[in-house]
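Have a look at the structure below before the remarks.
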Amino acid sequence: MSDQLPPVTPDSRDHPPLPPVRVERRAVDEAESRAANGPDWDRYADDYQATHGEFLGDAGFVWGPEGLTEAEAGVLGDVRDKDVLEVGSGAGQCSRWVRSRGGRGVGLDLSYRQLQHSRRLDESTGLWVPSVLGTATALPFRAASFDAVFSSFGALQFVADLGEAVGEVARVLRPGGRFAFSITHPTRWMFPDDPGTDGLVASQSYWDRTPYVEVDESTGAVSYVEHHRTLGDWVGILAGHGFRITDLLEPEWPEGHERVWGGWSGVRGRIGPGTAVIGCDLG
Ligand SMILES: C[S@@+](CC[C@H](N)C(=O)[O-])C[C@H]1O[C@@H](n2cnc3c(N)ncnc32)[C@H](O)[C@@H]1O
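Once you know that position 243 of the sequence shown is 243 in UniProt numbering, the rest is easy, because the numbers rise by one and skip nothing.
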């Protein structure tokens, strides 16, 4: 990693302020999604790690804001002596947990700054996660390289070409390989992204797949994109690439858990699911 960039610390909040944006719903293709989301995560990485790093744990594996851990869920399964790829690995906390359990965890992320945080945690924990800069839609690995692939709120809801991304996972997995991932629960798309009571009132169609887009007010350029798929879309795409779904977890909001994370909160979490964790096997 370059020494020319600002030092990476657990709580560096000295990054330039995020640009003012306006929110739109409109079609955005894969190239535009990637061109927006890479730099967006570079800008946001310091704040993300400062805000959520402690909750995630430097070598912890959390599936989402409810705090469900892989140790509790077991949806990825036993990783010991396995080759395991994390797509959208951020600072590599989950892959570090995989390594602590005897797996050969490898990370991939679109954001260089997130990977710098990963290197910071490699150094501070002594648990090194080999990581590459790349995109979920073009994995830089040979076919049949991994026993398991996973993503904890990583790339999957940021790509326009979900079929490409799932196809890439199927390609790099060995026969019978495991794929597990968490995403915003598809039913959340109907509600405003608000952790308060306004976020409990359905206001948009579950079936409208038009992406959520933030546009930089000063340049007019797309600066952030999220893509939505219904539960039926997920089943169709996974089955279409040869996966057999074995798990759909909808973690409940734990008693006494007061964390607010974006649109996730106890107010909403006690009423309906904010996260879906899907586990499937290839072939
Ligand atoms: C919400 S963060 C989750 C990171 C990590 N899994 C965690 O739990 O902290 C989403 C991550 O996905 C990465 N990402 C977004 N689009 C991606 C893409 N097309 N390919 C790979 N990673 C991507 C972002 O850079 C970011 O690090």
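Built from N, CA and C at the ideal position, the CB exists for glycine as well.
Are the Cβ atoms of residue i and residue j separated by less than 7 Å?
i           : j           : result
residue 40  : residue 152 : no
residue 145 : residue 107 : no
residue 259 : residue 228 : no
residue 93  : residue 56  : yes
residue 211 : residue 23  : no
residue 45  : residue 95  : no
residue 103 : residue 79  : yes
residue 91  : residue 52  : no
residue 195 : residue 263 : yes
residue 30  : residue 161 : yes
residue 157 : residue 226 : yes
residue 177 : residue 237 : no
residue 253 : residue 272 : no
residue 83  : residue 147 : yes
residue 43  : residue 135 : no
residue 214 : residue 21  : yes
residue 186 : residue 231 : yes
residue 184 : residue 165 : no
Could you tell me the distance, in whole angstroms, from the CA atom of residue i to the CA atom of residue j?
i           : j           : result
residue 149 : residue 109 : 13 Å
residue 242 : residue 173 : 11 Å
residue 143 : residue 167 : 11 Å
residue 119 : residue 128 : 8 Å
residue 76  : residue 180 : 6 Å
residue 261 : residue 159 : 22 Å
residue 239 : residue 207 : 20 Å
residue 201 : residue 81  : 47 Å
residue 141 : residue 66  : 32 Å
residue 60  : residue 175 : 28 Å
residue 88  : residue 283 : 24 Å
residue 255 : residue 54  : 20 Å
residue 155 : residue 244 : 21 Å
residue 274 : residue 115 : 27 Å
residue 126 : residue 100 : 10 Å
residue 38  : residue 246 : 32 Å
residue 133 : residue 139 : 10 Å
residue 4   : residue 48  : Here residue 4 scores only 42 on pLDDT, less than 50, and its place in the model should not be relied on; the value that follows carries that caveat. Cα to Cα, residue 4 sits roughly 21 Å from residue 48.
residue 190 : residue 233 : 16 Å
residue 19  : residue 279 : 37 Å
residue 235 : residue 170 : 15 Å
residue 58  : residue 86  : 15 Å
residue 74  : residue 192 : 31 Å
Apply the 10 Å Cβ neighbour rule to residue i and answer buried if 16 or more other Cβ atoms are within range, or exposed otherwise.
i           : result
residue 113 : buried
residue 277 : buried
residue 204 : exposed
residue 26  : exposed
residue 72  : exposed
residue 13  : Low confidence applies here, because residue 13 scores a pLDDT of 46, under 50, leaving its location unreliable; read the following figure in that light. Exposed, because fewer than 16 other Cβ atoms sit within 10 Å of the Cβ of residue 13.
residue 105 : buried
residue 36  : buried
residue 281 : buried
Would you mind reading off the limits of the beta strand (DSSP E) that contains residue i?
i           : result
residue 25  : 21 to 25
residue 276 : 275 to 282
residue 230 : From DSSP, residue 230 is part of no beta strand (DSSP E); its letter is neither H nor E.
residue 84  : 83 to 87
residue 104 : 104 to 109
residue 267 : Run containing residue 267: none in the beta strand (DSSP E); it sits in the alpha helix (DSSP H), 266 to 269.
residue 217 : Note, residue 217: premise wrong, no beta strand (DSSP E); not H, not E.
residue 145 : No beta strand (DSSP E) contains residue 145, which DSSP labels as neither H nor E.
residue 132 : 131 to 133
Check the Cβ-Cβ distances between residue i and every residue of chain B, and say whether any is below 7 Å.
i           : result
residue 224 : Note that chain B does not occur in the displayed structure, where there is just one protein chain.
Starting from residue i, trace the alpha helix (DSSP H) both ways and give me its first and last residue.
i           : result
residue 210 : Run containing residue 210: none; DSSP gives neither H nor E here.
residue 115 : 112 to 125
residue 250 : Element bounds for residue 250: n/a, residue is neither H nor E.
residue 76  : Note, residue 76: premise wrong, no alpha helix (DSSP H); not H, not E.
residue 18  : From DSSP, residue 18 is part of no alpha helix (DSSP H); its letter is neither H nor E.
residue 56  : 30 to 56
residue 99  : 93 to 100
Regarding residue i and ligand 2, is the C-beta to nearest heavy atom distance less than 6 Å?
i           : result
residue 159 : Looking for ligand 2 in the displayed structure turns up nothing; the ligands present are ligand 1.
Q: Kindly provide the ranges of any beta strand (DSSP E) runs that are 3 or more residues long and lie completely inside the segment 150 to 205, ordered along the chain.
A: Runs found: 173 to 184.
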